[in-house]
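Encoded as structure tokens, the structure appears first; notes follow it.
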Amino acid sequence: MSIKERIETLREELRKHNYNYYVLDNATISDFEFDMKLKELEKLEEENPQFFDANSPTQRVGGGITKNFETVTHKNRMYSLDNSYSKEDLLDWEKRIQKILGTTEIEYTCELKYDGASINLTYENGQFVKAVTRGDGFQGDDVSTNIKTIKSIPLVMDGDFVSNFEMRGEIILPLDGFEKMNEQRVAEGEEPYRNPRNTASGSLKLQDSAEVAKRPLDCLLYQVVTDERKYSSHAASLEAARNVGFKVPKTMIVAKNIEEVLAFVNEWDEKRHDLPYETDGVVVKVNNLQQQEELGYTSKSPRWAVAYKFKAEQVATILNEITYQVGRTGAITPVANLEPVQLAGTIVKRASLHNADQIEKLDIRINDTVYVEKGGEIIPKIIAVDFSKRPQGSQPTQYATHCPECQTELIRTEGDAKHYCPNTYGCAPQITGRIQHFISRKAMDIDGLGGETVDLLRKEGLIQNYADLYDLRVEQIIPLERMAEKSAQNMIDGIEKSKQIPFEKVLFALGIRFVGETVAKKLAKHFKSIDNLMTADFETLIAVDEIGDKIAESIVEFSNDLGNIQLIDRLKSYGLQLQVSEEDLANQTDKLQGKVFVVSGVFHQMSRNELKKAIENNGGKVSSSISKKTDYVVAGDNMGPSKKTKAEDLGVVIISEEDFIGMIS
Ligand code: AMP
Ligand code: ZN
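Using our numbering, read the sequence shown as starting at 1 and increasing by one per residue.
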């Protein structure tokens, strides 16, 4: 046998053993033998580097370090799921989709909703290429090095399947593995991790993949995304995926109708506590892929799927203290500090109380026994007080009158849900919070600078606002605690690089109240420069589509503040992008101004996403469902028949990809 053949045989064997052990949970070889084979392969690969393969089993032990995770745009957006909480919600959903599809013949799949961190695995020619976190759904972080250490994820397909595809799934930490990790941490004198989900998601962002390899992470798969039309149903594609080595939980079923779905939900509401991992609901999907395609998506989630959430668990505990947190906008959030208690697999110590009204409504007091509930959100909620257990002589809670950080008197304007600390430019958490927001990923995305460092820089008097970042010099940073020359340089480089960040993100980064990501995009598109925006008056602002009173007021207030005007002038002088780039301007036309498009089917000259982008760049709007407002349907191959009928019924013009290209060129 040649060396090449020996290497291939070993890889093949080790792959099989990994699969048997980690996917089928059925070891077919002793650990010792496995290690011997792995060592042999490692040695052969080392001696014969010409046979290197990034997907070899030797590449799974970890050791690769990722300093900064690269941001990658998803080829296909990763949507959220619509939630439902009752039988009625599910029946309503059924009605809605029956109406769109024009039939009652709909089959469903029921899967558990695995509670972890979503991941998108890309395979080309049957080989693993990369793994990217969900991020904001449009783009996420490339965590391939870490993901490869999870042995239940196959790197090479074994058997008949599509060749180019994305596999979507959830990275989870099984409960027993989580408990073991915590036992060890406690033994080493460290704080236990709070819950499996956050620990799983935190693991993906560890810099040292050898650390990740030590954690008992697993990956449960729930969707195959591919242009190859090999399978006609969701269940069939997942079963095929299971056959080539993916861990697709066997709990999935196909339901013939909604009654069978409801039976599944009821069954698992009970049985879920016996599962080796956490689940917070059931995901119901339309099984037929053609029907899925016809149903399409809303702006946030697929119409063809819905998540049924199990009722949150509750537990009683004592309220020890109420403290107050100051956010970056000065908003005050009261926090209940609780006697630690076990809830849904995690230890709860704190719960959000939202605002003063909430405290008053619940009439919650120190030393009260309270009921805590945990839904999908990370911070649990207090839902009620057990008045029968209230201690004698207890006093109603007096809400804070002064900022806990800077002692300024708090204000609450009519109509505002929260109290605010008005000391915007002098209150530490506000200063830090604004800068932290400025550098965050969706804003200026500054590498090499983290939230804690911002706080440190502020404490050291090096920065008071985000403009100060651009005056920082390496020599000033090196003397700081825990700062090496290399990291100081990285930070300065990261700050320098942020000068290229496009205007819409800079606008979001400024942290103007009520100007979130989407609003910033709208404003950038409309006003094209910070000068145009800051000189716009209230009337001009509210005339813009989707800009309301609150946003307009906040922008006017921001623009009239002398301090802000000076900050912006400084940002300009450093060379930040405070207007839309020439390139963007050149690519934008208003050829399709005011026209509403629906895109359906498969295209040849551009991808669906490119097509949508082209519509928007030329001033058109993309909508996901056909209505009277639709002007054109751009139809590719395999456009859904119900869409076609609907377009024809409403008299909407159907055009081809070529027609569309003609419209914009
Ligand atoms: P949400 O984040 O609440 O909008 O729920 C959507 C997320 O549920 C997806 O991003 C997935 O990561 C996750 N999920 C867990 N199990 C499933 C499943 N069986 N099918 C689809 N999504 C799932
Ligand atoms: Zn304050």
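C-beta atoms are modelled at their ideal positions from N, C-alpha and C, and glycine is treated no differently.
- By the beta-carbon neighbour count (other beta carbons within 10 angstroms, threshold 16), Y123 is buried.
- For the options V261, Y308 and I382, the alpha carbon positioned closest to that of Q314 is the one of I382.
- Going by beta carbons, L319 and D363 fall outside the 9 Å limit.
- Taking C-beta atoms as the reference points, L469 and I495 count as a pair closer than 9 Å.
- Residue side-chain check: S301 places its Cβ nearer than 8 Å to a non-hydrogen atom of ligand 1.
- Counting along the chain, K613 sits inside no beta strand (DSSP E); it lies in the alpha helix (DSSP H) bounded by residues R608 to N617.
- Between ligand 1 and the CB of M78, the shortest heavy atom gap is smaller than 8 Å.
- Note that the segment 326-343 touches the segment 422-437; at least 3 beta-carbon pairs, one per stretch, sit closer than 8 Å.
- For E170, the distance from the CB to the nearest heavy atom of ligand 1 is below 8 Å.
- Under the three-state reduction of DSSP, D25 is assigned to coil, being neither helix nor strand.
- F52 and Q588 have their C-alpha atoms spaced approximately 46 Å apart.
- By the C-beta criterion, the segment 583-603 is judged to be in contact with the segment 620-640, since at least 3 inter-stretch pairs fall below 8 Å.
- Runs of the alpha helix (DSSP H) lying entirely within the segment 325-349 and spanning at least 4 residues: none are present.
- Counting the other CB atoms within 10 Å of its CB gives Q223 a total of 16 or more, which places it among the buried residues.
- Assignment of beta strand (DSSP E) within the segment 367-396, counting only whole runs of 3 or more residues, yields 369-374 and 381-385 in chain order.
- For A255, the three-state secondary structure derived from DSSP is strand.
- In the displayed model, Q127 falls within a strand according to three-state DSSP.
- Boundaries for L275: no alpha helix (DSSP H) harbours it, and the DSSP string shows neither H nor E there.
- For M663, the enclosing alpha helix (DSSP H) has its first and last residue at E657 to I664.
- For A54, the closest of S118, L456 and K130 by C-alpha to C-alpha distance is K130.
- For M167, no alpha helix (DSSP H) segment is defined; the enclosing uninterrupted segment is the beta strand (DSSP E) at F165 to I172.
- Judged by beta-carbon spacing, R303 lies within the 9 Å limit of I97, meaning their Cβ atoms are closer than that value.
- Neighbourhood of ligand 2, defined by CB distance below 6 Å to any of its heavy atoms: V326, C403, E405, C406, T408, C421, N423 and C427, in chain order.
- Taking 8 Å as the cut-off, the C-beta of R134 counts as close to a heavy atom of ligand 1.
- Per the DSSP secondary-structure output, S487 pairs with nothing in a beta bridge.
- The three-state reading of DSSP puts S627 in coil, since its state is none of H, G, I, E or B.
- Fully contained in the segment 421-470 are the following alpha helix (DSSP H) runs of length 4 or more, in chain order: 428-439 and 451-459.
- Not a single heavy atom of ligand 1 lies less than 8 Å from the C-beta of Y277.
- Taking 8 Å as the cut-off, one finds no heavy atom of ligand 1 near enough to the beta carbon of S237.
- Taken atom to atom, the span from the alpha-carbon of F165 to that of Y231 is near 13 Å.
- Assignment of V622 by DSSP, reduced to helix, strand and coil, places it in the strand class.
- Counting every other CB atom within 10 Å of its CB across the protein chains shown gives V132 a total of 16 or more, marking it as buried.
- Under the 8 Å Cβ criterion, the segment 266-273 does not count as touching the segment 178-186, having fewer than three qualifying pairs.
- V162 is the residue among K418, T408, V162 and I258 whose C-alpha sits nearest the C-alpha of E228.
- With a cutoff of 8 Å, L121 does not count as near ligand 1, since its C-beta is closer than that to no heavy atom of the ligand.
- Pairing I258 with L101 gives a Cβ-Cβ distance that is not under 9 Å.
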